[in-house]
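> My structure is below; once you've seen it, I'll send some questions.
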Amino acid sequence: MQTDMISGNLMLTIEQVSHLTGVRKSTLRYWEKSFEDYLRPMRTQSNRREYTMEDLDVVKTIKRLLDEEHLTAEGVRVHLGKVLSPNNFG
Numbered sequence: 004m005q006t007d008m009i010s011g012n013l014m015l016t017i018e019q020v021s022h023l024t025g026v027r028k029s030t031l032r033y034w035e036k037s038f039e040d041y042l043r044p045m046r047t048q049s050n051r052r053e054y055t056m057e058d059l060d061v062v063k064t065i066k067r068l069l070d071e072e073h074l075t076a077e078g079v080r081v082h083l084g085k086v087l088s089p090n091n092f093g
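In this note's numbering, each residue's number is its place in the sequence shown (first place is 1) plus 3.
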């Protein structure tokens, strides 16, 4: 598994995040728009997404809330708003 190190932080590609979480790449792109206050992968100069470990945790949380707790997208946003500070990313 290839990763990039930027300022000592482990960076993951969309393929790696998909593999680690079982979430399809198309779904990750959709979630990036649906939960933009909480999920904002950085972009390389070539516009590729780079996910931090914090982003990975957010993806896992969204997946759990949707799949296991059966929350709606709005319910996920409400939950994330209680546990995360929006717009602290990027």
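All C-beta atoms in this analysis are idealised placements derived from N, C-alpha and C, irrespective of residue type, glycine included.
Model, not experiment: these values are computed from the prediction.
1. If you draw a straight line from the alpha carbon of residue 16 to that of residue 65, how long is it in whole angstroms?
2. Taking 9 Å as the threshold (C-beta atoms), are residue 45 and residue 53 in contact?
3. Would you report the Cα separation of residue 82 and residue 62, rounded to the nearest angstrom?
4. Assuming residue 42 and residue 34 are in contact, meaning their beta carbons sit under 8 Å apart, how far apart are those beta carbons, in whole angstroms?
5. Along the chain, where does the beta strand (DSSP E) that runs through residue 13 open and close?
In short:
1. For this step, residue 16 is matched to residue 13 along the sequence shown. For this step, residue 65 is matched to residue 62 along the sequence shown. As the crow flies, the alpha-carbon of residue 16 is around 18 Å from that of residue 65.
2. As a working mapping, residue 53 is identified with position 50 in the sequence shown. As a working mapping, residue 45 is identified with position 42 in the sequence shown. The criterion of a C-beta distance shorter than 9 Å is satisfied by residue 53 and residue 45.
3. Indexing the sequence shown from 1 puts residue 82 at position 79. Indexing the sequence shown from 1 puts residue 62 at position 59. For the pair residue 82 and residue 62, the Cα-to-Cα distance works out to about 13 Å.
4. Within the sequence shown, residue 42 is the residue found at index 39, counting from 1. Within the sequence shown, residue 34 is the residue found at index 31, counting from 1. Right, their Cβ atoms sit about 6 Å apart.
5. Counting from 1 along the sequence shown, the entry for residue 13 is found at position 10. Residues 12 to 14.
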